[in-house]
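Protein sequence lines correspond, in order, to chains A and B.
Count the first sequence with my numbering and you get residues 7 to 322, in order.
Count the second sequence with my numbering and you get residues 7 to 322, in order.
To start, the structure itself, in structure tokens.
2 protein chains.
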Amino acid sequence: MYYLGIDVGGMSIKGALVDKEGVIHYRANIKTEVEKTSEEILQDIKDLCLSLVSEGGIKINALRGIGIGIPGSIDAEEGVIVYSNNINFENVKIVEYLKKTFDCPIKIGNDANVAALGEMKYGSGKGSKNLILVTLGTGVGTGIIVESKILLGKYGAGGEGGHMTLVYNGLPCTCGKKGCWERYASATALIRITEEYSNKYPDSEVAKIIKKEGKISGKTAFIAARNGDKTGAKIVSKYVKYVAEGLISLVNIFRPDCILIGGGVSNEGSYLMKKIERRVSRYSYGGSRNYKVPVKKAELQNDAGILGAAALCIDN
Amino acid sequence: MYYLGIDVGGMSIKGALVDKEGVIHYRANIKTEVEKTSEEILQDIKDLCLSLVSEGGIKINALRGIGIGIPGSIDAEEGVIVYSNNINFENVKIVEYLKKTFDCPIKIGNDANVAALGEMKYGSGKGSKNLILVTLGTGVGTGIIVESKILLGKYGAGGEGGHMTLVYNGLPCTCGKKGCWERYASATALIRITEEYSNKYPDSEVAKIIKKEGKISGKTAFIAARNGDKTGAKIVSKYVKYVAEGLISLVNIFRPDCILIGGGVSNEGSYLMKKIERRVSRYSYGGSRNYKVPVKKAELQNDAGILGAAALCIDN
């Protein structure tokens, strides 16, 4: 029994042929041509599915399901992409379209949610029934699993933890509100903080690295901090506080089995995870009296999307 | 078929004999004698249950369940009160104790969660599967229902939405963290804001009411605002922003069917609800493109606890 997992992103559409145990048997990617119409992109997705089956060497009737993760507002029940801000998708009936070609269950979900499902079934969240996957990237994405199920909210519009208010009347966010968590805890925010500090402390190692490399990245402050630079350490500490503060809010609400951190910043590994975990444990409600929530790196990373998408169709 | 609903509070323990449709057939309250040991309080609860059965005029074998709502950390699965800060309860096996006397299902839950269940089954939340009950009182309590079930979190320690961070590095909270929502949106906070403004504007109607009555309450600013006082209106507006801001975070995460507001402040009725609803609708993620979450007064108020407690045992 095989399943297809499709992960639609702004840059590429990744696909994989997966078995029940989450083992990838064949994979293929195509470029997301965002200038195309929604009909053309749907056709690209269909062609990718067909090629995964044929190139993967299975018969089409061995296919037990197709799961698709898509960025934006997804009505999973109706099988409709309500809105996706990076791709030309508005009220697109993707499930109905694919049903014309494929005679198997087809399910869709928001990409951040689907990745959380992937981590729960096959990644760092294995064995957990309640978990939160936080992806620190351009923004802050959250995928929340409650009792083994994705937290969807009405019309699948929930799960936007990155847009909790962290700083009342703080920095304006693209969502129209001020002070959203993602304005402080995203990789974008880390780069902004790094820039501020490097301007303020031009003799610091952070400033020197930036000058030498000609650019700032989410890694700059961490490299400096690991080398013993005080400014680098200050930036990391400030950033950790922002990340942890939002996680504390989520822990107080959900008290999950574990928190998983994904996105480029999570490559800082246990150096970062331990700092976050200590702060979350200290300041979450009930302090040491309550269950200490482990903070772990999301291990599937780029494969979380395709595996989670496939998992939408796998019952086990 | 009858059920007992027991609502344990810091001041009184309320009890009711309830049928499957949530109709209260008999009720009785006793004082919570907080100076007593946990064994003595357990005995008071047992005696209250027995008297509800006998005075309610039913046979004990017509009793199909006893549900109990208790403030604090509750391990519903094990039937244990882990910790309750107002009453001498620490690791109290209340279910095991009552099982010696009553041969029927006995279930316990945190009081705020149980009240949310009551509102969902018999109050303003009827027909909703996903709702959030926010009680604006001394603190801010949240009871969250996801897919018709109370959101518990590991060992029942979740659901503490009042301790989300709203103001990063803000006012210190009793929980040990800074800037918790409840420091800005509770009735206590409203009184504090009213006091600040009345000191700043001694000629305002707000200041006059306080002088005349010799005290400040959660109603003061609303009375003045309804009478056209600018200072009163400013206080209400500031308070509404704080209440709404935390609700927006919760809406972005959960996108519930509705939000219910309980506690003394909710008696300001639709005057308050409409102001909150407008702000939540405007600033929650996706703005007008998303489902607009209605904000309603929790109608059961003091009965939400006993009805929700009974509902822990009622399957329908």
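A virtual CB, placed ideally from N, CA and C, is assigned to each residue, including glycine.
From a predicted model like this one, the values you see are computed outputs, not experimental measurements.
Counted within 10 angstroms of its Cβ, other Cβ atoms place residue i as buried (16 or more) or exposed
i	result
V98 of chain B	buried
E107 of chain A	The residue asked about is misnamed: residue 107 of chain A is Thr in this sequence, not Glu. T107 of chain A comes out exposed.
S243 of chain A	exposed
D263 of chain A	buried
N233 of chain A	exposed
D321 of chain B	exposed
T171 of chain A	buried
K217 of chain B	exposed
V40 of chain A	exposed
V29 of chain B	exposed
S134 of chain A	buried
D309 of chain A	buried
L3 of chain A	Here chain A has residues from 7 to 322 only, and residue 3 of chain A is not among them.
L10 of chain B	buried
D109 of chain A	exposed
I177 of chain A	Ile is not the amino acid found at residue 177 of chain A; the sequence shown has Leu there. When all chains shown are included, L177 of chain A counts as exposed.
K281 of chain A	buried
N119 of chain B	buried
R338 of chain B	Nothing can be reported for residue 338 of chain B: it is not among the residues displayed for chain B, which extend from 7 to 322.
Y277 of chain A	exposed
K127 of chain A	buried
E46 of chain A	exposed
S272 of chain B	buried
Within-8 Å CB hit, residue i to chain A
i	result
A122 of chain B	no
C2 of chain B	A question about residue 2 of chain B goes unanswered here, because the residues of chain B that appear run from 7 up to 322.
L56 of chain B	no
S18 of chain B	no
S44 of chain B	no
S90 of chain B	no
Minimum Cβ-Cβ distance from residue i to chain B less than 8 Å
i	result
P300 of chain A	no
P262 of chain A	yes
Y277 of chain A	no
H31 of chain A	no
V173 of chain A	yes
E251 of chain A	yes
N258 of chain A	yes
I254 of chain A	yes
Euclidean distance between Cα positions of residue i and residue j
i	j	result
I197 of chain A	K247 of chain B	31 Å
I215 of chain B	C181 of chain B	33 Å
S130 of chain A	K302 of chain A	7 Å
G224 of chain A	I64 of chain A	42 Å
P111 of chain B	Y8 of chain A	44 Å
S290 of chain B	S255 of chain B	8 Å
Y32 of chain B	K20 of chain B	11 Å
L69 of chain B	G62 of chain B	11 Å
D53 of chain B	L137 of chain B	34 Å
Y297 of chain B	R261 of chain B	8 Å
G78 of chain A	E251 of chain A	25 Å
I265 of chain A	A317 of chain A	20 Å
Y203 of chain B	P208 of chain A	44 Å
G13 of chain B	V257 of chain B	In the sequence as displayed, the identity of residue 13 of chain B is Asp instead of Gly. The alpha-carbon atoms of D13 of chain B and V257 of chain B are separated by roughly 28 Å.
I156 of chain B	S44 of chain A	40 Å
I100 of chain A	L23 of chain A	19 Å
D81 of chain A	S90 of chain B	41 Å
G124 of chain A	K42 of chain B	51 Å
K84 of chain B	A195 of chain A	In the sequence as presented, Lys is not what sits at residue 84 of chain B; that position holds Glu. The straight-line gap from Cα to Cα measures roughly 43 Å.
G165 of chain B	F95 of chain A	35 Å
E201 of chain B	G269 of chain B	20 Å
K206 of chain B	T237 of chain B	10 Å
L142 of chain B	E274 of chain A	41 Å
Min CB distance residue i to chain E below 8 Å
i	result
L157 of chain B	No chain E is part of this structure, whose protein chains are labelled A and B.
*Interface residues of the segment 109 to 138 of chain A facing chain B [CB-CB below 8 Å]*: Listed by position along the chain: N136.
*Name the residues in the segment 281 to 305 of chain A whose C-beta lies less than 9 Å from a C-beta of chain B; which are they?*
Near chain B, meaning a CB-to-CB distance below 9 Å, the residues of the segment 281 to 305 of chain A are R288, Y289, S290, Y291, G292, G293, R295, N296, Y297 and V299.
*Selection of the segment 135 to 169 of chain A by Cβ proximity to chain B, strictly under 9 Å*: For the segment 135 to 169 of chain A, which is checked against every Cβ of chain B, the residues closer than 9 Å are N136, T148, I150, V152, E153, K155, L157, L158, G159, K160, Y161, G162, A163, G164, G165, E166, G167, G168 and H169.
*Count the C-beta pairs between the segment 113 to 124 of chain B and the segment 71 to 86 of chain B that are closer than 8 Å, then say yes if the count reaches three, no if not.*
Contact holds: three or more Cβ-Cβ distances are below 8 Å.
*Would you list, in chain order, the members of the segment 60 to 83 of chain B that have their beta-carbon closer than 8 Å to a beta-carbon of chain A?*
Answer set for the segment 60 to 83 of chain B: S79.
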